[in-house]
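Quick note: the sequence shown uses this note's numbering, first residue 2, plus one each step. Glycine included, C-beta positions come from ideal geometry on N, C-alpha and C. Keep in mind the model is a prediction, meaning the values are calculated, not measured. First up is the structure itself, then whatever we jot down about it.
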Amino acid sequence: ELLGARISVDRIMSFVVSIASIAVLWFFLRRTRTGRAIRAVAQDEVGAQMMGINLNFIYPLTFGLATAMAAVSGAGLLFLFQAYPTVGLQPLYLAWYVVMMAGLGNVAGAIVGGFIVGVLQTATQQFAGVVWVDVIPTIVMIVVLLVVPSGVFGS
């Protein structure tokens, strides 16, 4: 129980695994030589190659990291939802909202954006009803993209 609300163990575990995986990815991308190489390739492929970064190593590694993060996310969803072919579509849309709000490549902004989208959904459900839970965040994201195309936390 947290502030009068009952939170199940599976939701707490999903939260802990999410935060841990984000922290590990952030540490890897910011503090390791390979992570810096990945960021360099993302910013300027030709410049990174001229500095001696092996693109034939970085591309499969990046694909593998993205696949691993997707697998961790999918495993976390299985604790919360039943498994069916389109189980990931709703969370995928929410993830895009978070990325749009944060701006591409902004891990700290993604965490804050995730909390904002979550609070927005919860408030919408509480005050406007379940029918509007998907509509209001979509409208907010359209407004955000019109006002700040690089994202609220983007540069």
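Boundaries (first-last residue) of the alpha helix (DSSP H) holding residue i
i	result
residue 52	No alpha helix (DSSP H) holds residue 52; DSSP gives it neither H nor E.
residue 138	136-148
Contact set for residue i: own chain, Cβ-Cβ below 7 Å, skip 5 residues either direction
i	result
residue 59	38, 39, 42
residue 122	134, 138
residue 18	73, 77
Any chain D beta carbon closer than 9 Å to residue i
i	result
residue 76	This model lacks chain D altogether, as it is built from one protein chain only.
Cβ-based neighbour list, residue i, same chain, cut-off 8 Å, excluding 5 preceding and 5 following
i	result
residue 52	41
residue 23	108, 111, 112
Simplified DSSP state of residue i, which is helix, strand or coil
i	result
residue 71	helix
residue 76	helix
residue 124	helix
residue 129	coil
Nearest-angstrom beta carbon gap, residue j and residue i [assumed within contact, 8 Å]
i	j	result
residue 103	residue 111	4 Å
residue 70	residue 101	Incorrect: roughly 18 Å between the Cβ atoms, too far for contact.
- request: Please specify which runs of the alpha helix (DSSP H), each continuous and at least 4 residues long, are wholly inside the segment 82-109, giving them in chain order.
  value: 90-103
field: Any beta strand (DSSP E) of 3 or more consecutive residues that is wholly inside the segment 12-50
entry: none
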